[in-house]
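Working notes, structure below.
Numbering (this note's numbering), first residue to last: 50 to 155.
Here's what the structure looks like:
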């Protein structure tokens with residue numbers, strides 16, 4: 050069984066009708082993020098980075114997705130609408146991680 054807490058399918062091809070997400074959930078993944086349509090590489094990267102930044106701050110999956118969508122909505126493109134979450138939006142993947150301090154040694 051797959052023990053992944055999150056599978057992020059940020060692929061160039063969409064997961065038709067959620068079939069890929071359902072397959073991962075049936076295999077044991079607890080949460081899946083995928084797109085409803087193709088998203089360009091640059092936009093997909095920006096969305097993933099925005100989402101993971103929020104997750105690393107200790108946000109829930111639902112809050113991280115909302116924040117990533119809001120951050121990219123200002124760009125004017127509709128790619129922020131493509132992302133769908135399957136699973137429990139209340140789940141936290143990380144406790145708040147400390148931010149790296151610029152220029153300081155160990």
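Even glycine gets a Cβ: it sits at the ideal position worked out from N, Cα and C.
Item                                                                                                                                                     : Value
With 8 angstroms set as the bound, which would you pick, yes or no: does the beta-carbon of residue 68 sit closer than that to a beta-carbon of chain C? : Absent from the structure is chain C; it holds one protein chain and no more.
May I ask which residues mark the beginning and end of the beta strand (DSSP E) holding residue 81?                                                      : 81-84
By Cβ distance, which residues of its chain are closer than 8 angstroms to residue 74, with the 5 residues on each side in sequence left out?            : 81, 135 and 136
Which residues bound the alpha helix (DSSP H) around residue 90?                                                                                         : 90-105
So what's residue 71 in DSSP terms, helix, strand or just coil?                                                                                          : helix
DSSP has residue 134 in a bridge; who is on the other side?                                                                                              : 82
Among 144, 59 and 77, which has the Cα closest to the Cα of residue 105?                                                                                 : 144
What residue from 129, 69 and 110 has the CA that sits closest to residue 94's CA?                                                                       : 129
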